[in-house]
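Participant: The opening residue of the sequence shown carries number 1 in the working numbering; numbering runs sequentially from there. Idealized CB from N, CA, C, for every residue including glycine. Keep in mind that this is a model prediction, so the values were computed, not measured.
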Amino acid sequence: MSQLPPFAILCCQNGVESAVKAEVADQGWRLAFSRRGFVSLKHAGVATELPSGVFVRTAAWSYGLIEGAEASANVDALVRRLAEAAPNEAWDRLHVWPRDRLTVGKFGFEPGVDEMSRLVGECVAPVLHSRGLLRQSGFNIMAAAGERVLDLILIEPSRWAIGWHSIPPTGSGERSGSDPPGPFLPATWPGGVQPIAPTVPVVSRAYFKAAEAIAWSGLELRAGDLAIEVGASPGGACGRLLELGMRVIGIDPADIDPEIMEHPRFRHIRARAGDLPRQEYSGARWLLVDSNVRPDQTLTTVEHIVTHRRSTIRGLLLTLKLGGIAHADRIPGWVRRVRDWGATDVKVRQLARGKMEVCLAAALPR
Ligand SMILES: C[S@@+](CC[C@H](N)C(=O)[O-])C[C@H]1O[C@@H](n2cnc3c(N)ncnc32)[C@H](O)[C@@H]1O
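1) Tell me the DSSP secondary structure of residue 98 in three-state form.
2) For ligand 1, is there any heavy atom lying closer than 7 Å to the beta carbon of residue 293?
3) Spatial neighbours of residue 27 within its chain, please: CB distance less than 6 Å, with the 5 preceding and 5 following residues excluded, ordered by chain position.
4) Does DSSP put residue 67 in a helix, a strand or coil?
5) Tell whether a beta-carbon distance below 8 Å holds between residue 187 and residue 123.
6) Between the C-alpha atoms of residue 355 and residue 212, what's the straight-line distance to the nearest angstrom?
7) Going by the DSSP bridge assignment, what does residue 166 pair with across the sheet?
8) Looking at ligand 1, does it come within less than 7 Å of residue 110, judged from the CB to the closest heavy atom?
9) Would you call the segment 264-281 and the segment 192-204 touching, i.e. three or more CB-CB distances under 8 Å?
10) List the endpoints of the continuous alpha helix (DSSP H) containing residue 38.
11) Return the CA-CA distance between residue 120 and residue 97, expressed in angstroms with no decimal places.
12) For ligand 1, any of its heavy atoms closer than 7 Å to the Cβ of residue 217?
13) Candidates 265, 281, 254, 259: which alpha carbon is nearest residue 271's?
14) Can you tell me whether residue 19 is helix, strand or coil according to DSSP?
15) Ligand 1 and residue 229: does the residue's C-beta get closer than 7 Å to at least one heavy atom of that ligand?
16) Quick one: Cα of residue 363 to Cα of residue 335, how far?
17) Check whether the Cβ of residue 323 lies closer than 7 Å to any heavy atom of ligand 1, and answer yes or no.
18) Considering only residues of the same chain and omitting the five flanking positions on each side of residue 20, which have a CB-CB separation below 7 Å?
19) Cβ of residue 209 within 8 Å of Cβ of residue 351?
20) Quick one: any contact between the segment 283-295 and the segment 309-317, if contact means 3 or more CB pairs under 8 Å?
21) Using the beta-carbon count (16 or more within 10 Å), is residue 282 buried or exposed?
22) Could you check the C-alpha separation between residue 6 and residue 115 for me, to the nearest Å?
23) Within this structure, are the beta carbons of residue 161 and residue 167 separated by less than 8 Å?
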């Protein structure tokens with residue numbers, strides 16, 4: 001790829017732009033332009049890596065904006081822009097999606113590809129393919145390791161931000177066509193939102209959150225493993241764990257959906273996690289927490305479980321409620337606390353399907 005441009009374009013959840021700007025400032029990135037759910041940045045020096053952070057859902061090197069109400073004129077402008085900015089380059093994938101125009105969950109809003117981005121993709125992809133700029137005529141197909149992706153973000157339907165990113169190669173760096181390690185998976189998904197086709201009834205949107213958390217974390221959850229979820233009602237996340245073939249215990253004082261209750265690999269413990277003897281957790285390999293309590297309380301509950309000498313927990317996926325983006329500065333303290341339990345590979349991300357909360361993933365060596 002030709003020389004890296006000094007501008008980057010990011011997508012994030014609507015309303016967390018201030019946290020994005022703060023976390024990438026240390027990496028040398030300064031704000032150029034922003035809208036809710038979209039941030040463009042200029043590097044103060046020479047950028048060698050795209051900005052990254054807890055609240056960064058997608059990141060791309062920028063080729064600038066294209067504006068106009070006529071789709072065909074915009075496509076022509078895009079072809080010219082690519083010829084100027086990256087002569088002789090071609091891309092493996094085209095991803096087209098809108099910035100988040102609403103907060104996740106507000107009025108039922110879910111992030112990711114929408115009807116307008118599908119229409120734009122249908123205009124753009126065939127033209128780029130016929131000019132040899134796009135190797136495949138389709139669009140919004142998951143990218144694979146080693147592939148390069150052309151990104152088209154609809155700031156508005158008539159205002160497109162153009163950029164590109166590449167997916168790191170797997171292992172030796174020679175192969176392409178397979179999944180990269182977990183942390184890089186969101187970069188393979190159009191708009192950073194996991195494409196998923198559930199094969200079980202989805203009893204709550206937490207199904208999608210759990211699927212995304214498991215994929216991104218890189219934790220090796222396997223069929224037959226025992227997973228426990230604290231804050232399991234009504235059972236969306238448990239549905240995902242069951243779909244993956246695991247044995248599941250759901251702890252929650254509230255009811256679990258009958259679809260989940262009837263599953264032969266599921267057991268409900270009707271209790272608050274803190275009231276349970278620690279032996280209830282023995283034999284479990286994975287602990288998920290999605291209870292609507294303050295993060296300090298969640299961490300105290302988890303600490304009690306995983307620091308017990310007989311704990312068999314190998315990995316954690318914790319939902320930590322932020323209670324407002326102004327509290328993002330508490331995240332480093334939460335990470336330190338989890339590391340103090342001996343956890344390794346502690347990472348935090350605001351999941352695309354998460355609301356005003358973050359997901360903390362950690363491995364616990366045993
Ligand atoms: C956001 S909902 C969980 C959604 C669920 N993970 C799913 O997949 O459908 C939060 C749940 O946490 C539960 N909860 C709150 N405090 C709890 C505690 N101390 N122990 C267990 N569950 C708790 C609530 O009863 C509520 O059902």
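Facilitator: By the coordinates alone:
1) Within the sequence shown, numbered from 1, the residue matching residue 98 stands at position 98. Three-state DSSP puts residue 98 in a strand.
2) Mapped onto the sequence shown, residue 293 falls at position 293. Because some heavy atom of ligand 1 lies under 7 Å away, the Cβ of residue 293 counts as near it: yes.
3) Stepping through the sequence shown from its first residue, residue 27 is reached at position 27. Cβ within range, chain order: 51.
4) Taking the first residue of the sequence shown as 1, we reach residue 67 at position 67. Residue 67: strand per DSSP, three-state reduction.
5) Numbered from its first residue, the sequence shown carries residue 187 at position 187. Numbered from its first residue, the sequence shown carries residue 123 at position 123. Result no, Cβ atoms of residue 187 and residue 123 do not sit closer than 8 Å.
6) By 1-based counting over the sequence shown, the position of residue 355 is 355. By 1-based counting over the sequence shown, the position of residue 212 is 212. Answer to the nearest angstrom: the Cα atoms are 13 Å apart.
7) Mapped onto the sequence shown, residue 166 falls at position 166. Per DSSP, 148.
8) Translated into the one-based positions of the sequence shown, residue 110 becomes position 110. The answer is no for residue 110.
9) No, the segment 264-281 is not in contact with the segment 192-204.
10) For the purposes of this step, residue 38 is taken as residue 38 along the sequence shown, with counting starting at 1. From DSSP, residue 38 is part of no alpha helix (DSSP H) but of the beta strand (DSSP E) over 38-43.
11) Mapped onto the sequence shown, residue 120 falls at position 120. Mapped onto the sequence shown, residue 97 falls at position 97. Each residue's Cα considered, the two are about 9 Å apart.
12) By one-based count along the sequence shown, residue 217 stands at place 217. The answer is no for residue 217.
13) Within the sequence shown, residue 271 is the residue found at index 271, counting from 1. Per the Cα distances, 254.
14) One-based indexing of the sequence shown puts residue 19 at position 19. The answer is helix: DSSP assigns residue 19 an H, G or I state.
15) Taking the sequence shown and counting its residues from 1, the one referred to as residue 229 is at position 229. Indeed, a heavy atom of ligand 1 lies less than 7 Å from the Cβ.
16) On the sequence shown, residue 363 is found 363 positions in, with the first residue counted as 1. On the sequence shown, residue 335 is found 335 positions in, with the first residue counted as 1. Cα to Cα, the separation comes out at about 12 Å.
17) As a working note, residue 323 is residue 323 in the sequence shown. Not under cutoff, so the answer is no.
18) By 1-based counting over the sequence shown, the position of residue 20 is 20. Answer for residue 20: 10, 12, 39, 53, 55, 56, listed in chain order.
19) Locating residue 209 in the sequence shown gives position 209, where the first residue counts as 1. Locating residue 351 in the sequence shown gives position 351, where the first residue counts as 1. Going by C-beta atoms, residue 209 is nearer than 8 Å to residue 351.
20) yes
21) Position 282 of the sequence shown, counted from the start, is the residue given in the question as residue 282. That one is exposed.
22) In the sequence shown, the residue the question calls residue 6 occupies position 6. In the sequence shown, the residue the question calls residue 115 occupies position 115. Going by the C-alpha atoms only, they are around 32 Å apart.
23) Working through the sequence shown from its first residue, we reach residue 161 at position 161. Working through the sequence shown from its first residue, we reach residue 167 at position 167. Not a contact, by the Cβ cut-off of 8 Å.
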